[in-house]
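Protein chains in written order, with the working numbering: chain W, 3 to 612; chain C, 1168 to 1550.
Even glycine gets a Cβ: it sits at the ideal position worked out from N, Cα and C.
To start, the structure under review is shown below, and the notes come after it.
Written out as structure tokens, the structure reads:
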């Protein structure tokens, strides 16, 4: 597979070294020489057990109904105007019907889902890019902390985000109070397409900002200076020199956003109203009704679309990289300009306006959730936090304890980070050399985020939790190790997408010099390449930790009947009969614990980075 | 043809003062412990009898249920049931299980021939039974138990929803409207009212595909307007600005935040609102056409259990006077039997419809999926 290129290379060079230096250091040497191959094999094995096998068993439901192979369900779905709108008659070969169907339901469920994902992506990029600019180009107190926290929205359980959004943007919420104080009319944002788009931007703009910031911090400023000294104006220098260096990262953010929002469902369910249902909402309810054949067919459609996009993107990425550069970012500006000019003032004004938008979209819902946790029917109260303490101290064994949830979340988060970083870096290196096969392998390795969470969850339930009969023994996998493996599989594509584009941009000659001087492939990677792309590795690490903290579907399934639940699971379980109080209190605990962890993860990563 | 079944059951109102207990309504707090001790004395005879007849029982009883039955932050019957059952049977340990996918988890296991590691399931409704029978065919997931239960005679006739007597009802909710009195001159009283201009944008309901309350409300409309006309009715309801949210929590939260003055919920709404000292004018219960859609919850014994006697003892305990009272009050639902000594709070704040309606198993079988699916296709898709 993908390992051939780099791995083979390492082996031939290693043989020569082994002859030169026999003795007691052989085992470590062997390991160092074969590290990439070993890690590659381990990654493939984990993927196979925790991802490919379970998911393929679910996909098989699409073509195997009642014990017989059939394409009927697939054909029914493809030719159903409810799903495919005007495309359905095209799939059916009834071209005469196109007009009639287009008038009735032009988009269909799939088309509508893609449409809202497109809007959500545009909004996320529009909201995320200025953030990346401010974070990477300005120096101000608390910048690093703020950069660490950009990832926070990403981990917030959708239940919590929905609670915050409904309360903050609601008819009687703080936003409308604020607008009324300014003499502006109330806005009815909830239960509309706009609400979904804004909530999706809440989740994904930080992702765009994060990925782009990492790229911006590793651009080569000398190239810009060279362009300027050759007479290019700032705009032209940006367009011709800087933009191409940033574009892969921006598109990575956009691609991830599109795929996520295409497969979004809890937010759509909570904030949109059923009129705005997406494909994933439909898959979810089909699974609830145990209608696997149709659910699996729709899930395959989703996956094919996501993977096709990923493949197209990777082709683009391959064309972009290979320029060869060393990280040498430009100096940061100060918020208060050293020499005031109209241009500089205007730019600062823009930053201020952006900060206001951020305050409304991000801080608003999150703070509202915190306020809700402190407010009962009769004003300020600590009763919900008292509930958490009581549950921790007195809770029965079958009840969810907050302390256990915090401990599990942190343990799983660290373990996921430790597993996903090597997996992600390995896949990045193994697929970085380009070529059609490498790209296909890359797509295969990216599949974990292109497959619907509902399907992954279902596959795990039937494959790992129920177990597989092997030679008369039922092999079951549940508990902490399975949860960490599942989290690592979900997280490592983020490491890959943060590291691979930057790795592709590293000057090959530097690496080749190191190899010529006798460094193994792994040595060159650790000593030369990774330090050059450190910002990407740190971003990947933060994402890995975040994914683990925020993961819900596979955690609940694999934690069935055990005490391996995490903070988001606890938030969900604390939603009570007619009261959100305990859930918002647990949500606030989650917020505090994860904020602190991100600052720590980033600082530790940053130390290594510097 | 109108598919309506009127529930015939003993009026719970006649039970006023039966047990002489104080109820939980006095301080807005749950006074579970004091209540159970006060009422214990009135039922000693029965308790002793039970203990002697089942004296030999021992072992671990595994009871699966949905999460909030044992682990709700507000109140849930689980902890009380475990403690009390273990007190009555000192050699028995009750172990709660709460699989995330609830009864689907066991249907899937049975379908794949994987062992089932539970003895009793608590929290079945008629939809589940239909799904079980469609998915599993001849494979038996649950076994009929009615004959083995000494208290079965107290179960209200109209709530029995399983023709094969596998699922034994232990409580029921009535789906109704909950509304804010101050928002209306006159609240809607019929289904046709809901289509009027003056109620434009006023109602929040739940998605019938994913929420039990939403499904019940949909079935109620099918029951009332008829199988042939309910889709028309819904398209008018949609034109009148009905908001269809994913879950009961989503809908109730939106209602609580003032997004609309009416929500589909349970007719026991005021019990909880009162406990929380909330303004009851915002928790008025409204029955449409003087009806409420009954959604009984049942329990059943797994066919694969190796402790059938223990499972039956537990199910019988669930139907006992004391358990019926506690389940009703802690789960904020009506009891399924005619002998639960309900507290004053419950008597006063839980409202029962004049005419409870529901579809029977036979009426739903073969129709349910079609009805829900046609409804969903009409609503969804961003059109």
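*So which residues of chain C does residue 614 of chain W contact, with C-beta pairs closer than 7 Å?*
Outside the shown range of chain W, which is 3 to 612, sits residue 614 of chain W, and nothing can be said about it.
*Identify, in the order they occur along the chain, each residue of the same chain with its Cβ nearer than 6 Å to the Cβ of residue 585 of chain W, setting aside the five sequence neighbours on each side.*
For this step, residue 585 of chain W is matched to residue 583 along the first chain. Here the set comprises 573, 576 and 577.
_Spatially closest choice to residue 1488 of chain C from C:1324, C:1243 and C:1320, by CA coordinates_ = Residue mapping note: residue 1488 of chain C aligns to position 321 of the second chain, counting from 1. Here the closest residue by C-alpha is C:1320.
*Which same chain residues, not among the five before or five after residue 1499 of chain C, have their C-beta less than 6 Å away from its C-beta?*
Reading the second chain from its first residue, position 332 is the one you call residue 1499 of chain C. 1435, 1438 and 1439.
*Could you have a look at residue 71 of chain W and say whether DSSP puts it in helix, strand or coil?*
Start at 1 with the first residue of the first chain, and residue 71 of chain W comes out as number 69. Of the three classes helix, strand and coil, the one that applies to residue 71 of chain W here is strand, per DSSP.
*Name the one or two DSSP bridge partners that residue 222 of chain W has.*
As a position in the first chain, residue 222 of chain W is number 220, starting the count at 1. DSSP, once it has assigned bridges, lists W:330 as partnering residue 222 of chain W.
*Between which two residues does the alpha helix (DSSP H) carrying residue 1410 of chain C extend?*
Against the second chain, residue 1410 of chain C aligns to sequence position 243. No alpha helix (DSSP H) holds residue 1410 of chain C; the beta strand (DSSP E) holding it covers 1410-1412.
*Determine the burial state of residue 464 of chain W: buried for a count of at least 16 other Cβ atoms within 10 Å of its Cβ, exposed for fewer.*
Walking along the first chain from the start, residue 464 of chain W turns up at place 462. It is buried - the Cβ of residue 464 of chain W has at least 16 other Cβ atoms within 10 Å.
*asked:* Could you pull the DSSP bridge partners for residue 1263 of chain C from this structure?
replied: As a first step, residue 1263 of chain C must be located in the second chain, where it is residue number 96. According to DSSP, which records beta bridges pairwise, residue 1263 of chain C is partnered with C:1230.
*Can you list, in chain order, the residues of its chain whose CB lies under 8 Å from that of residue 416 of chain W, leaving out five sequence neighbours each side?*
Start at 1 with the first residue of the first chain, and residue 416 of chain W comes out as number 414. Excluding sequence neighbours, residue 416 of chain W sits near 547.
*By how many angstroms is the C-alpha of residue 91 of chain W removed from the C-alpha of residue 1313 of chain C?*
If you number the second chain from 1, residue 1313 of chain C lands on position 146. If you number the first chain from 1, residue 91 of chain W lands on position 89. Roughly 53 Å separates the two Cα atoms.
*Just the C-alpha distance for residue 411 of chain W and residue 588 of chain W, rounded to the nearest angstrom, thanks.*
Against the first chain, residue 411 of chain W aligns to sequence position 409. Against the first chain, residue 588 of chain W aligns to sequence position 586. Computed Cα separation, rounded: 13 Å.
*Quick one: is residue 1445 of chain C buried, meaning 16 or more other Cβ sit within 10 Å of its Cβ, or exposed?*
As a first step, residue 1445 of chain C must be located in the second chain, where it is residue number 278. Under this definition residue 1445 of chain C is a buried residue.
*Grouping DSSP H, G and I as helix and E and B as strand, with all else coil, what is residue 1190 of chain C?*
For the purposes of this step, residue 1190 of chain C is taken as the residue at position 23 of the second chain. With a pLDDT of only 34 at residue 1190 of chain C, under 50, the local geometry of the prediction cannot be trusted, and the value read off the model is given with reservation. Residue 1190 of chain C falls in the coil class under three-state DSSP.
*asked:* For the pair the region 590-601 of chain W and the region 136-152 of chain W, tell me if three or more CB-CB distances fall below 8 Å.
replied: yes
*Got a sec: is the Cβ-Cβ distance from residue 164 of chain W to anything in chain C below 8 Å?*
For the purposes of this step, residue 164 of chain W is taken as residue 162 along the first chain, with counting starting at 1. Taking 8 Å as the threshold, the shortest C-beta distance from residue 164 of chain W to chain C falls below it.
*Measure the C-alpha to C-alpha separation of residue 113 of chain W and residue 279 of chain W and round it to an integer number of angstroms.*
The residue you call residue 113 of chain W lines up with position 111 of the first chain. The residue you call residue 279 of chain W lines up with position 277 of the first chain. Distance between the alpha carbons of residue 113 of chain W and residue 279 of chain W: 11 Å.
*In its own chain, which residues sit with a C-beta less than 6 Å from the C-beta of residue 372 of chain W, not counting the 5 before and 5 after it?*
Translated into positions along the first chain, residue 372 of chain W becomes position 370. 590, listed in sequence order.
*Count the other CB atoms within 10 Å of the CB of residue 69 of chain W; is the residue buried (16 or more) or exposed (fewer)?*
Working through the first chain from its first residue, we reach residue 69 of chain W at position 67. Residue 69 of chain W is exposed by the Cβ-count criterion.
*Please list, in chain order, all residues of the same chain as residue 137 of chain W whose beta carbon is under 6 Å from its beta carbon, the five residues on each side excluded.*
Taking the first chain and counting its residues from 1, the one referred to as residue 137 of chain W is at position 135. Excluding positions up to five away in sequence, the list reads 149 and 215.
*With distances taken from CA atoms, which of C:1281, C:1289 and C:1291 is nearest residue 1306 of chain C?*
In the second chain, counting from the first residue as 1, residue 1306 of chain C sits at position 139. Considering only alpha carbons, the answer is C:1281.
*Give every residue of the same chain whose Cβ lies closer than 6 Å to the Cβ of residue 1366 of chain C, excluding the five residues on either side of it in the sequence, and list them in chain order.*
As a first step, residue 1366 of chain C is located in the second chain; it is residue number 199 there, counting from the start. Here the set comprises 1355.
*Within 8 Å, strictly: CB atoms of residue 201 of chain W and residue 167 of chain W*: On the first chain, residue 201 of chain W is found 199 positions in, with the first residue counted as 1. On the first chain, residue 167 of chain W is found 165 positions in, with the first residue counted as 1. Cβ atoms of residue 201 of chain W and residue 167 of chain W: closer than 8 Å.
_Chain-ordered neighbours of residue 1234 of chain C on chain W, where CB pairs are closer than 8 Å_ = Start at 1 with the first residue of the second chain, and residue 1234 of chain C comes out as number 67. Under a criterion of Cβ atoms nearer than 8 Å, the residues of chain W adjacent to residue 1234 of chain C are, in order, 575.
*Does any residue of chain C bring its CB to less than 8 Å from the CB of residue 526 of chain W?*
Working through the first chain from its first residue, we reach residue 526 of chain W at position 524. Residue 526 of chain W does not count as touching chain C.
*Outcome for residue 1503 of chain C when other beta-carbon atoms lying within 10 angstroms are tallied against a minimum of 16*: By one-based count along the second chain, residue 1503 of chain C stands at place 336. By the neighbour-count rule (16 or more Cβ atoms within 10 Å), residue 1503 of chain C is buried.
*What residues in the region 1471-1503 of chain C bring their beta carbon closer than 9 Å to a beta carbon of chain W?*
1498 and 1499
*asked:* Just to confirm, is the Cβ distance from residue 1 of chain W to residue 288 of chain W under 8 Å?
replied: Because chain W spans 3 through 612 in this model, residue 1 of chain W falls outside it and cannot be assessed.
*Determine the burial state of residue 1292 of chain C: buried for a count of at least 16 other Cβ atoms within 10 Å of its Cβ, exposed for fewer.*
Translated into the one-based positions of the second chain, residue 1292 of chain C becomes position 125. Classification for residue 1292 of chain C: buried.
*Span of the beta strand (DSSP E) around residue 475 of chain W*: For the purposes of this step, residue 475 of chain W is identified with residue 473 of the first chain, where counting begins at 1. Looking at the DSSP string, the run of the beta strand (DSSP E) that includes residue 475 of chain W is 475-477.
_Any chain C beta carbon closer than 8 Å to residue 379 of chain W_ = Against the first chain, residue 379 of chain W aligns to sequence position 377. Cβ-Cβ to chain C under 8 Å: yes for residue 379 of chain W.
*So the beta strand (DSSP E) residue 1464 of chain C belongs to, where does it begin and stop?*
Here residue 1464 of chain C corresponds to residue number 297 of the second chain, with the count starting at 1. Unbroken beta strand (DSSP E) run through residue 1464 of chain C: 1458-1469.
_Can you give me the C-alpha to C-alpha distance between residue 1426 of chain C and residue 125 of chain W, rounded to a whole angstrom?_
As a first step, residue 1426 of chain C must be located in the second chain, where it is residue number 259. As a first step, residue 125 of chain W must be located in the first chain, where it is residue number 123. Approximately 25 Å between the Cα atoms of the pair.
*Is residue 1299 of chain C helix, strand or coil when you go by DSSP?*
For the purposes of this step, residue 1299 of chain C is taken as the residue at position 132 of the second chain. If DSSP states are grouped into helix, strand and coil, residue 1299 of chain C belongs with the helices.
*Name the chain W residues that come within less than 9 Å of residue 1443 of chain C, Cβ to Cβ?*
In the second chain, counting from the first residue as 1, residue 1443 of chain C sits at position 276. One finds 378, 379, 580 and 581 in chain W with Cβ atoms closer than 9 Å to the Cβ of residue 1443 of chain C, taken in chain order.
*Can you name the residues of chain C whose CB is closer than 8 Å to the CB of residue 464 of chain W?*
The count along the first chain starts at 1 and reaches residue 464 of chain W at position 462. Below the 8 Å Cβ cutoff, chain C contributes 1275 and 1279 as neighbours of residue 464 of chain W, in chain order.
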